[in-house]
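One structure is given below, encoded as C-alpha coordinates.
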Amino acid sequence: MLNYDKDIEMYFELKGSPASSKESYVRRMKAFVHFMETHQKDVENVSFSDIQQYILYLKNERKISAGTINNYISAIKFFYTYVLATHKGTVVL
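The opening position of the sequence shown corresponds to residue 1 in UniProt numbering, with each subsequent residue numbered one higher.
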(Lines of atoms letter the chains of each structure in order from A; the text may use other names.)
(Lines give C-alpha, C1' and ligand atoms only; values in the text may rest on other atoms or scores of the structure.)
Protein backbone atom coordinates (compact mmCIF):
# COMPACT_ATOMS: atom_id res chain seq x y z
CA MET A 1 0.00 0.00 0.00
CA LEU A 2 1.66 3.15 -1.24
CA ASN A 3 5.05 3.43 0.49
CA TYR A 4 3.79 2.27 3.87
CA ASP A 5 4.23 -1.48 3.50
CA LYS A 6 7.30 -1.72 5.74
CA ASP A 7 5.66 0.31 8.50
CA ILE A 8 2.55 -1.88 8.41
CA GLU A 9 4.60 -5.09 8.39
CA MET A 10 6.66 -3.89 11.38
CA TYR A 11 3.57 -2.98 13.41
CA PHE A 12 1.87 -6.34 12.97
CA GLU A 13 5.11 -8.25 13.49
CA LEU A 14 5.78 -6.44 16.76
CA LYS A 15 2.18 -6.87 17.88
CA GLY A 16 2.16 -10.57 17.01
CA SER A 17 -1.16 -10.29 15.20
CA PRO A 18 -2.30 -13.04 12.85
CA ALA A 19 -1.87 -12.49 9.12
CA SER A 20 -5.65 -12.25 8.74
CA SER A 21 -5.74 -9.12 10.94
CA LYS A 22 -3.05 -7.45 8.87
CA GLU A 23 -4.81 -8.39 5.64
CA SER A 24 -8.12 -7.02 6.92
CA TYR A 25 -6.57 -3.71 7.95
CA VAL A 26 -4.66 -3.38 4.68
CA ARG A 27 -7.78 -4.13 2.62
CA ARG A 28 -9.78 -1.49 4.49
CA MET A 29 -6.98 1.08 4.30
CA LYS A 30 -6.64 0.49 0.56
CA ALA A 31 -10.38 1.00 0.10
CA PHE A 32 -10.15 4.28 2.00
CA VAL A 33 -7.14 5.47 0.00
CA HIS A 34 -8.86 4.51 -3.26
CA PHE A 35 -11.99 6.46 -2.27
CA MET A 36 -9.92 9.55 -1.44
CA GLU A 37 -7.91 9.31 -4.66
CA THR A 38 -11.14 8.92 -6.65
CA HIS A 39 -12.31 12.19 -5.08
CA GLN A 40 -8.96 13.93 -5.77
CA LYS A 41 -8.00 14.03 -2.09
CA ASP A 42 -4.45 13.63 -0.82
CA VAL A 43 -4.74 10.91 1.82
CA GLU A 44 -2.11 12.64 3.95
CA ASN A 45 -4.18 15.84 4.09
CA VAL A 46 -7.83 14.81 4.32
CA SER A 47 -10.24 16.68 6.55
CA PHE A 48 -12.59 15.25 9.14
CA SER A 49 -15.39 16.09 6.72
CA ASP A 50 -13.72 13.92 4.05
CA ILE A 51 -13.67 10.99 6.46
CA GLN A 52 -17.31 11.59 7.33
CA GLN A 53 -18.17 11.52 3.62
CA TYR A 54 -16.36 8.19 3.32
CA ILE A 55 -18.33 6.74 6.23
CA LEU A 56 -21.59 7.93 4.66
CA TYR A 57 -20.51 6.32 1.38
CA LEU A 58 -19.94 3.01 3.19
CA LYS A 59 -23.31 3.26 4.91
CA ASN A 60 -25.52 4.60 2.13
CA GLU A 61 -23.97 3.38 -1.10
CA ARG A 62 -22.16 0.21 -0.09
CA LYS A 63 -24.86 -0.68 2.49
CA ILE A 64 -22.25 -1.85 4.98
CA SER A 65 -23.41 -2.68 8.51
CA ALA A 66 -22.55 -0.48 11.50
CA GLY A 67 -20.24 -3.14 12.93
CA THR A 68 -18.28 -3.42 9.70
CA ILE A 69 -18.12 0.37 9.39
CA ASN A 70 -16.55 0.40 12.86
CA ASN A 71 -13.88 -1.95 11.49
CA TYR A 72 -13.22 0.51 8.66
CA ILE A 73 -12.98 3.35 11.18
CA SER A 74 -10.46 1.34 13.21
CA ALA A 75 -8.34 0.84 10.09
CA ILE A 76 -8.51 4.57 9.29
CA LYS A 77 -7.46 5.43 12.86
CA PHE A 78 -4.60 2.93 12.59
CA PHE A 79 -3.54 4.51 9.30
CA TYR A 80 -3.40 8.03 10.73
CA THR A 81 -2.16 7.32 14.26
CA TYR A 82 0.43 4.69 13.44
CA VAL A 83 1.23 4.28 9.74
CA LEU A 84 1.52 7.94 8.71
CA ALA A 85 3.14 8.94 11.99
CA THR A 86 5.74 6.18 11.72
CA HIS A 87 6.35 6.91 8.06
CA LYS A 88 7.03 10.55 8.93
CA GLY A 89 9.36 9.58 11.78
CA THR A 90 7.03 10.58 14.61
CA VAL A 91 7.36 8.54 17.79
CA VAL A 92 4.26 6.45 18.51
CA LEU A 93 4.05 4.49 21.73
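No residue lacks a Cβ here, since even glycine has one placed at the ideal position from N, Cα and C. All of these numbers come straight from a predicted model, not from anything done at the bench.
Query	Result
Identify the continuous alpha helix (DSSP H) that holds Gln-52 and give its terminal residues.	48–56
Please report the Cβ distance between Ile-51 and Ile-76, rounded to the nearest whole angstrom; I am assuming they are in contact, meaning their Cβ atoms lie under 8 Å.	6 Å
Quick check on the DSSP output: the alpha helix (DSSP H) that includes Arg-28 runs from which residue to which?	19–38
Taking the alpha carbon of Ser-24 as the point to measure from, which residue in Lys-88, Ala-85, Thr-86, Phe-78 has its own alpha carbon closest?	Phe-78
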